[in-house]
Amino acid sequence: MSMIRSRRKLNASLVGTYALLAVFVLSPLVMILFSSFKTNEEYMYSKSVFMPPMDWTYLGNYVVIFQRSNLLLGYLNSLIIIVFSTLGSLVMCSMVAFVLTRFEFRGKKVVLALYLLMNIFPMNVVEVFRYIFMTRIGLFNSLPTGIILYMAAEVLSIYILLQGMQEIPLSIDESAMMDGASFFRIYRTMILPLVTPAIVTVIILKVISIYNDFFIPYLYMPGPSVKTAAKAIFDAAGDLVAKVNQLSAGLIMLMLPTLVIYIVLQRWIISGITVGSVKG
Amino acid sequence: MNLSYREQKRLVIATFLLVPLVFIGVFFLYPCCMLFALSFSQWDGLSPISYVGLSNYREIFASPRLFGVIFHNMAYLVSGLLQLVAGILLAVIINREFRGRNFFRAILFMPYIINSVSVVYMFSYMFLPNGPYNHLIMALGLSKTPLKFLSKDLVNISLSFISFWQYLGFYTVIFLAGLQTISSELYEAASIDGASFWQQFRKITLPHLRPLVEINLFLVIAGSLKAFDGVFILTKGGPNEASHTLMTKSIDLAFKYNDYGKSASLSIITAFIIIAIIMLQRALMRERA
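Protein sequence lines, in the order shown, are assigned to chains S and G. The first sequence begins at 1 in the numbering used here and counts up one residue at a time. The second sequence begins at 1 in the numbering used here and counts up one residue at a time.
Listed below in structure tokens is the structure:
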């Protein structure tokens, strides 16, 4: 009897913990969701910030933010950059992972060490000098600038692909070699299809990380015609700090694409990040 | 084309690694080397570069406005350590069967994938004098006047709170993955022997999580030294330099003051601290193994 009671008590305190945590995580999001549907008067004079908006269909703030920030162009630019650099980085990372898991060769440790170094080095500061170099070679203020920079360094993708390829026994390669298949053929028609889950994970994580980055667009792509979604909201936000309802609409629109991806694919995302971080 | 596997292997290694290595060389190693060289020079971005030896380093260590900003990074370290403790406890709590468990885990992890621009500006609203947090604090009677979250005294705590919110779920999920590798038989055997929850936590859970604690500890330390987003997006180092971190100070030195030499030295110092910590951690791990 007492055991059941103590278990009930435990459950009650657990439910309390969960509720508290959910409030902690969700409350800022709910707050800006509320304010994004409030008119100026409603926002200024409503008795409590915690009140939900009176009219959930009021879209005035969303209209304003799309006009002010040119967010549609931002989405389009982000999409173009994402498609090309994800594809390029996937090809490069899978080739590196293939070579590193399939072959023993001199310099292998050096390659691994390079990626490790890149992982721990504070990249934001290397940007300062990369910036000087990029402007000199004329790769500046264009979509290819972003595409190339996002392709350049990718440690997490390599780890995830390494992990996936390590699980494929070398005996598979050997039997294909008995049939006379070339290494390129083994890579393309056997190894790549076998690591499809890893590839999917890499694509999802890469899409999210490029979409969320604001520093490379800020530094290398200052022009209005090449702004990404994050840069568009970043530019507009400075003037809107006093107009919280309009700002909120922008923040919601900026986080919406990754939130949708997350809601649909959260299992892949969580397991991918866990594998990548623990190995890295 | 009939190449032997030996020749083929060489060809594949060379061609597969060529482009990625060129990318690393051009976009990472070359800027790193320039960074290192410039840290011993004075350069404003226009006039010729002049070699000044260690004077940048000396000046940085002597100036509280330069190396002193590392104390602002300490706020992020403290919040990161709290994150680890909270992450372990949460993981233990979540690591049991209950309805809605995956849903709860998904909510907890969600902040990690939200754009930092959105996150930081969202909190700038939460922190307003008449914003939600102040409403809450005053309703609960914790303070009679609204707190100034972004004032000189509180700004680093407030900004590190943003990272706490953003990354708590990340650490929890990593610990959770570790917990799921512990066999439940261990706990069953311990319960039969009469071990309390706390004893089980200390004797079974913590030892198993130890490698993950180490990895996460390193991520927290490195992360706190690299703290950047909130400062760069929201406060720009203010008010009156009170929120500058190593990274934002270094960026400012380069782009605001055109002092590329000092900017380079400051980031080399940061990088060396991080590398020293990673070496120490690896040495410790190897010693035990």
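Glycine is no exception: its CB is placed at the ideal position from the N, C-alpha and C atoms. Fair warning: this is a prediction, and the values are worked out from it, not measured in the lab.
Would you be able to state if there are at least three C-beta pairs under 8 Å between the segment 198-214 of chain G and the segment 55-68 of chain G? Taking a cut-off of 8 Å on C-beta distances, the segment 55-68 of chain G does not touch the segment 198-214 of chain G, as fewer than three cross pairs fall below it.
How many whole angstroms separate the CB atoms of N56(G) and K262(G), which I take to be in contact at a CB cut-off of 8 Å? Position 56 of the second sequence, counted from the first residue, corresponds to residue 56(G). Position 262 of the second sequence, counted from the first residue, corresponds to residue 262(G). About 5 Å separates the two Cβ atoms, so the contact holds.
Of all the CB atoms in chain G, is at least one closer than 7 Å to the CB of I203(S)? Residue numbering aside, residue 203(S) sits at position 203 when the first sequence is read from its first letter. No, I203(S) lies away from the interface with chain G (no Cβ there is under 7 Å from its Cβ).
How would you call L108(G), buried or exposed, if buried means at least 16 neighbouring beta carbons within 10 angstroms? On the second sequence, position 108 is the one that residue 108(G) refers to. The residue is buried, with at least 16 neighbouring Cβ atoms inside 10 Å.
For the alpha helix (DSSP H) that M122(G) lies in, which residues bound it at each end? Looking up residue 122(G) in the second sequence gives position 122. That run of the alpha helix (DSSP H) goes S116 to M126.
Look at the Cβ atom of F103(G), then the Cβ atom of I162(G), and state whether they are nearer than 7 Å. For the purposes of this step, residue 103(G) is taken as residue 103 along the second sequence, with counting starting at 1. For the purposes of this step, residue 162(G) is taken as residue 162 along the second sequence, with counting starting at 1. No. Outside cutoff.
Looking only at its chain, what residues have a beta carbon closer than 7 Å to the beta carbon of A14(G), apart from the 5 residues adjacent to it on each side? As a first step, residue 14(G) is located in the second sequence; it is residue number 14 there, counting from the start. Within the same chain, A14(G) has no close Cβ partners at all.
Which bits of chain S does Q200(G) rub up against, with CB to CB less than 7 Å? As a first step, residue 200(G) is located in the second sequence; it is residue number 200 there, counting from the start. Correct list: empty, because the minimum Cβ distance to chain S is about 14 Å.
Could you work out which residues of chain S lie near I108(G), taking near to mean beta carbons separated by less than 7 Å? By one-based count along the second sequence, residue 108(G) stands at place 108. Strictly speaking, residue 108(G) in this sequence is Leu, with Ile absent from that position. Neighbours of L108(G) on chain S, chain order: L21 and V25.
For S196(G), go through chain S and note every residue whose CB falls closer than 9 Å to its CB, in chain order. For the purposes of this step, residue 196(G) is taken as the residue at position 196 of the second sequence. Within 9 Å Cβ-Cβ: nothing; S196(G) doesn't reach chain S, min ~13 Å.
Could you check the C-alpha separation between E104(S) and L54(G) for me, to the nearest Å? Here the question's residue 104(S) lines up with position 104 in the first sequence. Here the question's residue 54(G) lines up with position 54 in the second sequence. Distance between the alpha carbons of E104(S) and L54(G): 42 Å.
For S41(G), which residues does DSSP report across the bridge? On the second sequence, position 41 is the one that residue 41(G) refers to. Answer is Y51(G), bridged to S41(G).
Helix, strand or coil for K9(G) per DSSP? Position 9 of the second sequence, counted from the first residue, corresponds to residue 9(G). In the structure shown, K9(G) adopts helical secondary structure according to DSSP, grouped into three states.
I want to verify the contact list: residues of chain G whose CB lies under 7 Å from the CB of Y262(S), in sequence order. Translated into positions along the first sequence, residue 262(S) becomes position 262. Going along chain G in sequence order, the residues near Y262(S) (Cβ under 7 Å) are M110 and I113.
Assuming contact is defined by CB atoms lying nearer than 7 Å, are V119(G) and Q166(G) in contact in what I supplied? In the second sequence, the residue the question calls residue 119(G) occupies position 119. In the second sequence, the residue the question calls residue 166(G) occupies position 166. Yes, the pair counts as a contact, with Cβ atoms nearer than the cut-off.
Taking C-beta to C-beta, are D173(S) and I158(S) nearer than 7 Å? The count along the first sequence starts at 1 and reaches residue 173(S) at position 173. The count along the first sequence starts at 1 and reaches residue 158(S) at position 158. With respect to I158(S), D173(S) sits apart: the two C-beta atoms are not nearer than 7 Å.
Contact set between the segment 214-239 of chain S and chain G, restricted to residues whose Cβ is under 7 Å from the partner: Residues of the segment 214-239 of chain S that bring their beta carbon within less than 7 Å of a beta carbon in chain G comprise F214, A230, I233, F234 and A237, in sequence order.
Residue ranges of each alpha helix (DSSP H) within the segment 77-163 of chain G, 4 or longer: Entirely contained in the segment 77-163 of chain G, the alpha helix (DSSP H) runs reaching 4 residues are, in chain order, 101-109, 116-126 and 132-139.
Is Y262(S) buried or exposed, if buried means 16 or more other CB atoms sit within 10 Å of its CB? Taking the first sequence and counting its residues from 1, one reaches residue 262(S) at position 262. Burial check for Y262(S): the Cβ neighbour count within 10 Å reaches 16 or more, so the residue is buried.
Helix, strand or coil at D179(S) [DSSP, three-state]: Residue mapping note: residue 179(S) aligns to position 179 of the first sequence, counting from 1. D179(S): coil per DSSP, three-state reduction.
Chain S partners of S68(G), CB-CB under 8 Å? Taking the first residue of the second sequence as 1, we reach residue 68(G) at position 68. According to the sequence provided, residue 68(G) is Gly. The question's Ser does not apply to it. Against chain S, a Cβ distance below 8 Å from G68(G) picks out nothing, because the smallest value is about 18 Å.
So, do the segment 170-186 of chain G and the segment 125-143 of chain G have three or more beta carbon pairs nearer to each other than 8 Å? Contact fails: fewer than three Cβ-Cβ distances are below 8 Å.
Please list, in chain order, the chain S residues whose beta carbon lies closer than 8 Å to that of K226(G). Against the second sequence, residue 226(G) aligns to sequence position 226. Residues of chain S whose Cβ lies closer than 8 Å to the Cβ of K226(G) are, in chain order, P122 and N124.
Where does K243(S) sit, in a helix, a strand or coil, going by DSSP? Counting from one through the first sequence, the residue named residue 243(S) turns up at place 243. K243(S): coil per DSSP, three-state reduction.
Closer than 7 Å to chain G by CB, I32(S): Along the first sequence, one-based indexing puts residue 32(S) at 32. Taking CB atoms only, I32(S) has a neighbour in chain G less than 7 Å away.
Under three-state DSSP, which class holds R325(S)? Outside the displayed range of chain S (1 to 280) lies residue 325(S), so it cannot be described from this structure.
List the whole-angstrom C-beta distance separating I278(G) from I120(S), where the pair is believed to meet the contact cut-off of C-beta under 8 Å. Here residue 278(G) corresponds to residue number 278 of the second sequence, with the count starting at 1. Here residue 120(S) corresponds to residue number 120 of the first sequence, with the count starting at 1. About 6 Å; that satisfies the 8 Å criterion.
Under the three-state DSSP convention, the category Y58(S) falls into: Numbered from 1 along the first sequence, position 58 holds the residue referred to as residue 58(S). DSSP, reduced to helix, strand and coil, places Y58(S) outside both helices and strands of the structure shown, so it counts as coil.
Output the distance between the C-alpha atoms of Y75(S) and R6(G), rounded to the nearest integer angstrom. Position 75 of the first sequence holds residue 75(S). Position 6 of the second sequence holds residue 6(G). Using only the alpha carbons, I get a separation of about 48 Å.
Per-residue contacts from Y18(S) into chain G (C-beta, under 7 Å): Here residue 18(S) is taken as the residue at index 18 of the first sequence, counted from 1. Under the 7 Å cutoff, chain G gives F104.
DSSP state of V91(S), grouped into three classes? As a position in the first sequence, residue 91(S) is number 91, starting the count at 1. It is helical.
Could you give the distance in angstroms between the alpha-carbon of L251(S) and the alpha-carbon of R10(G)? For the purposes of this step, residue 251(S) is identified with residue 251 of the first sequence, where counting begins at 1. For the purposes of this step, residue 10(G) is identified with residue 10 of the second sequence, where counting begins at 1. Straight-line spacing of the CA atoms in L251(S) and R10(G) works out to 51 Å.
Chain S contact residues for T291(G), given Cβ-Cβ distances below 8 Å: The structure shown does not extend to residue 291(G), since chain G is modelled only from 1 to 289, so the question has no answer here.
Would the segment 43-54 of chain G and the segment 112-129 of chain S be scored as touching if the rule is three or more Cβ pairs under 8 Å? Contact between the segment 43-54 of chain G and the segment 112-129 of chain S is absent, because fewer than three Cβ pairs lie under 8 Å.
May I have the straight-line CA-CA distance separating L142(G) from F50(S), to the nearest angstrom? Locating residue 142(G) in the second sequence gives position 142, where the first residue counts as 1. Locating residue 50(S) in the first sequence gives position 50, where the first residue counts as 1. Answer to the nearest angstrom: the Cα atoms are 18 Å apart.
Anticipated Cβ contact below 8 Å, P52(S) with F34(S), distance rounded: Here the question's residue 52(S) lines up with position 52 in the first sequence. Here the question's residue 34(S) lines up with position 34 in the first sequence. Contact holds; Cβ gap of about 6 Å.
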